[in-house]
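Sequential numbering from 33 applies to the sequence shown in this note's numbering.
Backbone N, C-alpha and C define an ideal beta-carbon position, used for all residues, glycine too.
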Amino acid sequence: MPITIAKQVCFQLDSRLTAAEAALAAGGMASPVLVAVVAEFRRKFAKTRPSMEGDPAPGQREAVFELEQAADSAKWAALADPGASEQIKLAVVAAHDSICWFKATGSLLDREYAEQDPLAG
Numbered sequence: 033m034p035i036t037i038a039k040q041v042c043f044q045l046d047s048r049l050t051a052a053e054a055a056l057a058a059g060g061m062a063s064p065v066l067v068a069v070v071a072e073f074r075r076k077f078a079k080t081r082p083s084m085e086g087d088p089a090p091g092q093r094e095a096v097f098e099l100e101q102a103a104d105s106a107k108w109a110a111l112a113d114p115g116a117s118e119q120i121k122l123a124v125v126a127a128h129d130s131i132c133w134f135k136a137t138g139s140l141l142d143r144e145y146a147e148q149d150p151l152a153g
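Next comes the structure, spelled out in structure tokens:
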């Protein structure tokens, strides 16, 4: 049985979210607010993953919307945090982009479509 696009997106998002969590844990001066927002992103992912990986149904679309909201919060918290390192910001943005690209296109995010420089003013 082939792996669905939704499952591939979940694998990609899990990997990118793990990288963001590792970057936060590695230190730096990231705010406790950013740490909490990324932790909430992880909780939302854990909650919605079963629906995401299931057969396409209305519940899957709702899960994508819920997860996208958590991703948006994490992205903007990271970009607004003056204490967050560039590595942290890029890792959080990469996790955000995985789910947002899936919502917009129904596809797995390919490097060709990655945001060029999310830190550019």
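Taking the C-beta atoms as reference points, A68 is found no nearer than 9 Å to S117. Distance from E98 to R74 at the Cβ level is roughly 13 Å; contact not present, criterion being Cβ atoms closer than 8 Å. The Cβ neighbour count for V65, taken over all protein chains shown within 10 Å, is under 16; the residue is labelled exposed. For the region 38 to 101, the continuous alpha helix (DSSP H) assignments of 4+ residues that do not extend past its boundaries occur at 64 to 85, in sequence order. Spanning the alpha carbons of M84 and I131 requires a straight line of approximately 10 Å. By the criterion of a C-beta distance shorter than 8 Å, I37 is surrounded in its chain by F134, G138, S139 and L140, once the five residues flanking it on both sides are discounted. When DSSP states are grouped into helix, strand and coil, S130 belongs to the helix group.
Each of A106, A102 and S63 was checked against the Cα of T80, and the nearest Cα belongs to A102.
L111 and K121 have their C-alpha atoms spaced approximately 6 Å apart.
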